[in-house]
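The structure appears right after this line, and notes come after that.
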Amino acid sequence: MDARYEPKVVEAKWQARWREAAAFRVAGGQPGKKFYCLEMFPYPSGRIHMGHVRNYAIGDVIARLRRRQGFHVLHPMGWDAFGMPAENAAIERHIHPAKWTRTNIAYMRAQLDQLGLSIPWEREVATCDPAYYRWEQLLFTQMVERGIAYKRYGEVNWCDTCATVLANEQVEEGACWRCGKPVRLKPLDQWFLKITAYADELLAGLDTLDGWPERVRTMQRNWIGRSEGARIRFPVADSAAVIEVFTTRPDTLFGVTFLSIAPEHPLVEEITSAAQRPAVAAFRERLARQRAEARPGDEVEVEKEGVFTGAYALPPGGREQVPIFVANFVLMGYGTGAVMAVPAHDQRDFDFARKYHLPIRPVILPPDPDHPGALLPLDPATMTAAYEEEGVMAASGEFDNLSSAAGRQAVVRWLAERGDGRAEVTYRLRDWGISRQRYWGTPIPVVYCATCGMQTVPAAELPVVLPEDVALTGAGGSPLAACEGFVHTLCPKCGGPARRETDTFDTFIESSWYFLRYASPDPRREATGDALRFTPEELARGPFDRAAVDYWMAVDQYIGGIEHAVLHLLYARFFTKVLRDLGHLGVDEPFARLLTQGMVCKETWRCADHGWLLPEEVTEGRCVRCGVSAERGRVTKMSKSKKNVVDPDALIDRYGADTARLFSLFAAPPERDLEWNEEGVEGCYRFLGRVWRLVAQVVTLPAATADTDGGEAGRALTRRLHQTIRKVTRDCGEEFHLNTAIAAIMELANAAQSYLAGPAGTGAVARPAVEGIVHLLNPFAPHLTEELWAALGHPAPLYATPWPGFDEELAKEETIELVCQVNGKVRSRLSVAANAGQAALEAAALADPMVQKWLAGKRPRKVIVVPGRLVNVVV
RNA sequence: GCCGGGGUGGCGAAAUCGGUAGACGCAAGGGACUUAAAAUCCCUCGGCCGUCCGGCCAUGCGGGUUCGACCCCCGCCCCCGGCACCA
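The first sequence lines up with residues 19 to 893 when you count with our numbering.
The structure is reproduced here in structure tokens:
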């Protein structure tokens, strides 16, 4: 073998071998254990970035390990290929989105191959293929039939920059998740998916997802925002109008002293008195103006304000009427857009009541902490804050003395009997708006006929293929609307002239089911033109081969960024449940375990005059252009704008993929942020070189001769080998402590190196140890280890060789270091036999001179013995 | 404000059914090899005191429980992320 480690040569060689051997091809349905390992598929932006490297390195280690542990492993890859950047490239550089996307995919696929990922490429998916989205269109028509997809006119989130609608999940702090520009509301006729129909199941399912990080589950719970309460009717005095409110605290009903309604509430016009009309109109106009001018990130903590409508509401139970206010803090988009105000028990209502001198009426009394069973009085005149906790009802007529919990039920029952209200559950979650006024996406398969109205495109006429010859100007509006040949069509029902829907799907739809397509590839995924029309057999079978999907699903390990905690991960869960209910698959949840990997970060440099600086623009802490000292910025996520990115191509060119993989797994645990630093990469490269030389040395040693155990040093190395196999196998098991697994392999390599440098080093012991290193390192550095495995004389490739086992007996320590404490402080350490009994440990510790010294003749009061660990003598 | 995660050497990090704090790596210092450099190899490396043996301090801060606390409990501070007038 070569004396020097040349990653370029080695990596090219093994990548070619794997390709020729179709090494990672996998069939479904075989007996035995299956493992579906999936990383979130990339958007084909042009080049991979370090975040991809880390994501796919983590997944590849898991896939390679599981494969060698005897699982049938599915570890596929594809492309989230529809989206805006392709369209923007078309507008700016006059490249067709399809061509731009295809070129990017080809380049990025080569990059992923260079990383040595163990991917069965024959299952590759590109969501912009009509063969992919034709099924999506068919599924959509099935959803329309079931009422899961529907069209509705209403206010939707609109991003001017992206010239399209956004779903609620895609608005972050009032700004577009993609471009960061402010989002405004715009009334439009749009398609929605009824995700709210699955709100309870999506919520309950979170409790079953033990393999998910708690924070992702919490984020989804918060997003769904389920709250139980009651809907209560408040008739308006001297009017036919009825204001309905939602409250989670029906037990405070008798403390209502006014109502607050949202400025946009549809009943505002109707109930406002003539005298108050100008004031209400002025208030609403001022608010509308303020909201239009508000920038994202503006302080939302505005003061509570309101205006009296001149109208009064009649609370249930014939109590005196209460005034109705229009208030700035009431949201039209939540509950009913109106709230019953209980200032004694809600801080917002309290603030409002104090400001406008409205009465405060305590109806829930707090328990007295000093006298169990007793209650504390609340005095409206002296209260400084609302009492929002639970307590005991008072001043509530027949409900007095009930606890809050019992009172809630009793009041709701009472309301329901009288027809004044009922129990209700509301959600923060809204239905998913899926229409997008963009070109590069899946056409929504619907036509509009003047005679027959809206029609979904029948299966026999699918797919509706995205036309290629469309002028992309960026002028706004759906580009497809300007494509006459596309728009004009015939009604599938009456055959008369009709117009096609010109919006396309939100691209989050494609990523909501791609993992199912991997599990059951479309046999005609290469087809084009008329060959794409559904055959009767295909329609009978449905989108998937049920056996294949049932075999592989659910994904055993999903890996990706935390940024999709609510977006993609919620949509995919929803889609899975819908497809299950449509009869296409049998699982309830798509992803059994989820690993959210941390970001790849790097230090930044900044010059007062020249802004962000590249590393090479800084020498000795100074900006190379102006010579003025540059400021070391924070360590932040790699981004082009901050000039702190590392290009994977350059990295691989210099160190090789194995080093790139190793460092991105070694520098931090997978779920935590990783700080990139060049010296650390060097360290990993040096380590791989050391392993190379270790093998080079071992292959020159005479083959194992006698059955020697190598004496003391040899047994120690063998012990370390078995301990390391045990540790690496465990660390890479369920929790994926890949960084400590690598550290353990490094320790074994250090031990092997020391052993070989020592006087007694023999091949008989060193060789198995070094082979062990090659074995254990294989998932992390697949190319290097294949080369070394071959050099060690093994003809069969390592990727197909079973993962090594370990011998508990050989892993056992002969002696341990016994820590001797006096009064809890370490005073001595002794080497004792590992199997020594408690009495022997105690005797050894007490006999130790240092222990004797610290005892200073005093009699031990107590001796604590922890077998295998320590003895603590207490005086 | 609420929820989640975190705070350990010069740096990235280890170690949590409570039992040797700092594995592994980086940086730094010293040495070997070399005409020299690179590469490689060896040694030192939390702070303070001490001649070695050793001692004291140290896991964000302050208390507590315990023979013993990075770990458990109580009260705080700071950082990161998510949500945020959700009735």
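Beta carbons are placed, not taken as given, at the ideal position from N, Cα and C, and that holds for glycine. Here the structure is a predicted model, which is why all the values come from computation and not from measurement.
Check	Outcome
How is residue 170 classed by DSSP in three states: helix, strand or coil?	strand
In three-state DSSP terms, what is residue 702?	helix
Using only the alpha-carbon positions, how far apart do residue 79 and residue 536 sit?	20 Å
Nearest-angstrom Cα distance between residue 194 and residue 176?	9 Å
Name the DSSP beta bridge partners of residue 207, please?	171
According to DSSP, simplified to helix, strand and coil, what is residue 319?	At residue 319 the pLDDT is 48, less than 50, meaning the model places this residue with poor confidence and gives no usable figure here.
Who are residue 30's beta bridge partners in DSSP?	In the DSSP output, where bridge partners are listed per residue, residue 30 has none listed.
Have a look at residue 349 and residue 214 and give me their C-alpha separation to the nearest angstrom.	19 Å
For the beta strand (DSSP E) holding residue 516, just list the boundary residues, first then last.	515-518
Give me, in chain order, the residues of the same chain whose beta-carbon lies closer than 8 Å to that of residue 163; leave out the 5 immediate sequence neighbours on both sides.	474
Quick one: residues in its chain with C-beta nearer than 8 Å to the C-beta of residue 787, no 5 flanking neighbours on either side, listed in chain order?	735, 736, 738, 739, 766, 769, 770, 773
Among the residues of its own chain, which have a CB less than 7 Å from the CB of residue 593, if the five just before and after it don't count?	530, 531
Taking the CB atoms as reference points, tell me whether residue 270 and residue 363 lie closer together than 8 Å.	yes
Excluding sequence positions up to five away, which residues of its chain have a Cβ less than 7 Å from the Cβ of residue 484?	461
Nearest to residue 459 by alpha carbon, out of 776, 145, 132?	145
Work out the CA separation of residue 784 and residue 540 for me, nearest whole Å.	50 Å
Could you pull out every residue in the same chain whose Cβ sits closer than 7 Å to the Cβ of residue 182, ignoring the five residues on either side in sequence?	454, 455, 456
According to the Cβ coordinates, are residue 95 and residue 133 closer than 8 Å?	no
With residue 760 as the anchor, note down where its alpha helix (DSSP H) starts and where it stops.	756-775
May I ask you to verify whether the segment 259-278 touches the segment 327-343, counting CB pairs closer than 8 Å and requiring at least 3?	yes
With the cut-off set at 8 Å, would you say residue 884 and residue 863 are in Cβ contact?	no
Which whole-angstrom value is the C-beta distance of residue 676 and residue 810, which I expect to be below 8 Å?	With 8 Å as the limit, residue 676 and residue 810 do not qualify as a contact, their Cβ atoms being about 17 Å apart.
Would residue 138 pass as a contact of residue 233 if the rule is Cβ separation under 8 Å?	no
Determine the extent of the alpha helix (DSSP H) in which residue 125 is found, giving its start and end residues.	115-132
Going along the chain, which residues of its own chain have a beta-carbon closer than 6 Å to the beta-carbon of residue 728, five neighbours each way excluded?	780, 783
Can you check which of these residues, 655, 633, 624, is closest to residue 646 by C-alpha distance?	624
Just to check my reading of the structure: residue 892 and residue 876 have Cβ atoms closer than 8 Å, yes? What is that Cβ distance to the nearest angstrom?	Their Cβ separation, rounded to whole angstroms, is 10 Å, which puts residue 892 and residue 876 out of contact at 8 Å.
To the nearest angstrom, how far is it from the Cα of residue 636 to the Cα of residue 644?	10 Å
Out of 741, 763, 815, point me to the one whose CA is closest to residue 827's CA.	741
Measure the Cβ-Cβ separation of residue 331 and residue 255 and say whether it is below 8 Å.	yes
Pull up the DSSP beta-bridge partners for residue 796, would you.	Residue 796 pairs with nothing; no bridge assigned.
Could you compute how far the alpha carbon of residue 322 sits from the alpha carbon of residue 361?	13 Å
For the alpha helix (DSSP H) containing residue 293, name the first residue and the last one.	Residue 293 -> no alpha helix (DSSP H), and no H or E assigned at all.
Return yes when the Cβ of residue 154 is within less than 8 Å of the Cβ of residue 528, no when it is not.	yes
Tell me, please, which residues DSSP counts as bridged to residue 341.	330
Cβ of residue 683 within 8 Å of Cβ of residue 248?	no
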